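Going by this note's numbering, the sequence shown opens with residue 884, and the numbers climb by one from there.
All C-beta atoms, glycine included, are put in the ideal place defined by N, C-alpha and C.
Remember, predicted model here, so these are calculated numbers, not experimental data.
Some notes on the structure that comes next.
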Amino acid sequence: MRTQVGIVGAGPAGLLLSHLLALRGIDSVLVETRSRAYCEARQRAGVLEDGSVALLRRAGLADRLDIKGIEHGGIYLQFASERRHIDFRELTGGRSVTVYAQTEIVKDLIARRLADGAALEFGVTDTEVFDLDSEHPRLRYTAADGSRHEAICDAIAGCDGFHGICRPAIPAGALTSWERVYPYAWLGILADVPPSTDELIYAHHPDGFALHSLRSQAISRLYLQVSPDEEIGNWPDDRIWAELAGRLELPGWSLKQGPVLDKGITGMRSFVSAPMRYGRLFLAGDAAHIVPPTGAKGLNLALADVAVLSAALDGLLHGDESLAASYSATCLNRVWRCTHFSWWMTTMLHRTPGADKMEAQLQLAQLRYIASSRAAATSLAENYTGIAAGPAWHDATKRGP
Ligand code: RFL
Ligand code: PHB
């Protein structure tokens, strides 16, 4: 089989890339190990930067997003029994974020790719990528019916997440990676109850971090900091609600409780692997970098990577290598900014097991500073709503012509 771009992984990165390439008249084959139902139900991110919303609109993918997405003009930071609003619109000249679940983006993308007749295969096994430093890298996989296939490509996009096969296919000496594993995890629930807040609440608490998010006016999404070796079986619903109510408690406010629809525990790490290209294999999204979820950046980074990659591949396939050559550096600029922001939010808001008493005081000093200094609050707001990466902001402080 011959295709222009072989894409591994039907998460947001792989699906959006195949659509953006199709808009440029470039064909692709996209293979995914999981079933369509699994991909559409996997509970993950919920917050889109305004740049991500604009990208999805430009790509003609925002019909449902424009109806169901909920625009938020800020967040609440809660600490020392106070809840302080950080007003993004006011601080950043009108910018906002949109609450729209990753599950919905994935559903929108799959429906659109199938309607457009894309080569999209779920339930594949034994995916392999070869000849990465040649002009025709190959993608091999076993389809759901057991037949073995080989796609001869002009380029391969590794969009197969942190545990995928593409990054490990790059010779070890060609990559440098940086990693930090945090000594805590998030227990997340999806609950059939209207949210008890109009905007997200990020709460610092002596018992550990808590986050109140939402999926719609009827469905809440909440998270609790737990130990990374915690077992979900130790957390019956009553215990989860009691812990959430305690950590989010505020005089005059109460947490509405309801049936738990889904629950799970996720570990937290920061990870960056560079460069994001080896020969004609390009890595995008979680395959190349992971951030802890506290800054709500992972999905946005995955979408931003493939926006850059679609233009780079278009150039490469038409004889202009310049954007492909700068792909990794362009993306890593944004990746490192978000890696720092996510680390900063995470370490400011979570209780570090075994830390001395000084640590909580330093965290509270930082939180009070954000709540009282326009400069500090603006820094949080512009990072959360999304800094447009690229020469414009990189060079913003340079003087002269
Ligand atoms: P994905 O979504 O992991 O998709 C990779 C796909 O590749 C498939 N795959 C393979 N397919 C074929 N052959 C193989 N050998 C394969 N190996 C793997 C996998 O089955 C999968 O379908 O990566 P992608 O596309 O890069 O997207 C990244 C995002 O999913 C991720 O960054 C976000 O979910 C992170 N994240 C958040 N990001 C935000 O921007 N805002 C948020 O509010 C936010 N909240 C979160 C989050 C992640 C969380 N968890 C569970 C880690 C909250 C949580 C709890
Ligand atoms: C979510 O709604 O799932 C969510 C929101 C904000 C975060 C992380 C996750 O920082």
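Boundaries (first-last residue) of the alpha helix (DSSP H) holding residue i
i	result
lysine 1297	Here the chain comprises residues numbered 884 to 1284, so residue 1297 is not present and cannot be evaluated.
alanine 920	919 to 924
phenylalanine 1224	1205 to 1232
valine 1191	1181 to 1200
arginine 995	985 to 998
isoleucine 1084	Unbroken run through isoleucine 1084 is the beta strand (DSSP E), 1084 to 1086; no alpha helix (DSSP H).
aspartate 949	946 to 951
glutamine 1244	1240 to 1255
Rounded distance between the beta-carbons of residue j and residue i, thought under 8 angstroms
i	j	result
proline 1077	lysine 1139	6 angstroms
asparagine 1183	glycine 1269	6 angstroms
glycine 1181	alanine 942	Not really, about 19 angstroms apart at Cβ, beyond 8 angstroms.
threonine 981	glutamate 923	No, threonine 981 and glutamate 923 are not in contact; Cβ-Cβ is about 20 angstroms, not under 8 angstroms.
proline 1066	proline 1111	7 angstroms
aspartate 910	glutamine 926	With a Cβ gap of about 32 angstroms, aspartate 910 and glutamine 926 do not count as contacting.
histidine 1095	leucine 1107	The pair is not a contact, with the Cβ atoms about 10 angstroms apart (cut-off 8 angstroms).
isoleucine 1072	isoleucine 1115	So it is not a contact: roughly 10 angstroms between Cβ atoms.
isoleucine 1253	leucine 1245	Wrong, their Cβ atoms sit about 13 angstroms apart, outside the cutoff.
Close beta carbons around residue i, own chain, < 7 angstroms, minus the five adjacent residues each side
i	result
leucine 1192	Leu900, Ala1040, Phe1165, Ala1167 and Tyr1210
leucine 1250	Leu960, Phe962, His1087 and Met1231
alanine 1279	With a pLDDT of 41 at alanine 1279, under the threshold of 50, the modelled position of that residue is not reliable, and no figure is offered here.
glutamate 1265	Thr975
aspartate 1075	Ile1102, Gly1141, Pro1142 and Leu1144
methionine 1228	Thr1177 and Gly1178
arginine 978	Asp933, Phe971, Arg972 and Thr1268
When the options are compared against residue i, the one with the closest alpha-carbon
i	options	result
aspartate 1090	Arg967, Ala963, Tyr959 and Glu1011	Ala963
glutamate 1011	Leu997, Leu1107, Arg1050 and Arg917	Arg1050
glutamate 1004	Ala984, Glu987, Thr981 and Gly1029	Gly1029
leucine 1199	Ala1038, Leu1263, Glu1242 and Ala1238	Ala1038
proline 895	Arg996, Glu973, Gly1141 and Gly1135	Arg996
tyrosine 1024	Asp991, Thr1008 and Phe1013	Thr1008
aspartate 1197	Ala893, Tyr1267 and Ala905	Ala905
valine 1174	Gly1202, Phe1224 and Leu1206	Phe1224
phenylalanine 1154	Arg1122, Trp1136, Cys1221 and Leu1186	Cys1221
lysine 990	Ala920, Ile969 and Leu931	Ala920
aspartate 999	Leu944, Asp1203 and Leu1247	Leu944
cysteine 1036	Leu1206, Arg885 and Asp1188	Arg885
glycine 956	Ser918, Ile950 and Val930	Val930
aspartate 1188	Arg917, Trp1136, Leu938 and Arg1021	Leu938
glutamine 1100	Glu1113, Asp1081 and Asn1117	Asp1081
glycine 1257	Glu1242, His1019, Ala893 and His968	The displayed chain sequence assigns arginine, not glycine, to residue 1257. Arginine 1257 has its Cα closest to that of His968, out of Glu1242, His1019, Ala893 and His968.
tryptophan 1061	Ala1171, Ala1034, Gly892 and Arg917	Ala1171
alanine 1185	Ile1148, His1019 and Ser935	Ser935
Other residues of its chain near residue i: CB distance less than 6 angstroms, five sequence neighbours each side excluded
i	result
glycine 897	Ile890, Leu913 and Cys1042
threonine 868	Since the displayed the chain opens at 884 and closes at 1284, residue 868 lies outside it and no answer follows.
tyrosine 1161	Leu1015, Ile1053 and Ala1057
valine 1064	Arg1152
valine 1109	Ala1068 and Leu1070
arginine 940	none
aspartate 1297	Outside the displayed range of the chain (884 to 1284) lies residue 1297, so it cannot be described from this structure.
arginine 1098	Ala984 and Arg1104
threonine 1059	Ala1157
serine 1079	Leu1138 and Lys1139
glutamate 954	Ser979 and Thr981
glycine 952	Thr981 and Tyr983
glycine 1006	Ser918 and Ala1027
Range of the contiguous beta strand (DSSP E) that encloses residue i
i	result
glutamate 1011	1008 to 1013
proline 1066	1059 to 1074
valine 980	980 to 982
histidine 1032	1031 to 1035
alanine 1002	1002 to 1004
isoleucine 1115	Isoleucine 1115 -> no beta strand (DSSP E), and no H or E assigned at all.
glutamate 1126	That residue, glutamate 1126, is in no beta strand (DSSP E); its alpha helix (DSSP H) goes 1120 to 1131.
glutamate 932	930 to 932
leucine 1022	1021 to 1025
serine 964	No beta strand (DSSP E) holds serine 964; DSSP gives it neither H nor E.
serine 911	911 to 914
Identified DSSP bridge partners for residue i
i	result
glycine 1091	BP columns for glycine 1091 are empty, so no partner.
aspartate 957	It is worth fixing the name first, because residue 957 is glycine in this sequence and not aspartate. Paired residues: Asp970.
glutamine 1108	Trp1069
arginine 885	Ile1035
glycine 892	Paired residues: none, contrary to the question.
glycine 1041	Val891 and Leu1166
serine 1103	Ala1074 and Leu1097
tyrosine 1161	Leu1164
histidine 1172	Val1155
Close Cβ partners of residue i (< 8 angstroms) along its chain, the five nearest in sequence each way excluded
i	result
serine 1017	Gly1162 and Arg1163
arginine 1130	Ala1086, His1088, Asp1090, Gly1091, Phe1092, Ala1093 and Leu1107
alanine 994	none
tryptophan 1219	Val1155
heavy atom of ligand 3 below 7 angstroms from residue i C-beta
i	result
glycine 929	In terms of ligand content, the structure shown lacks ligand 3 and carries ligand 1 and ligand 2 instead.
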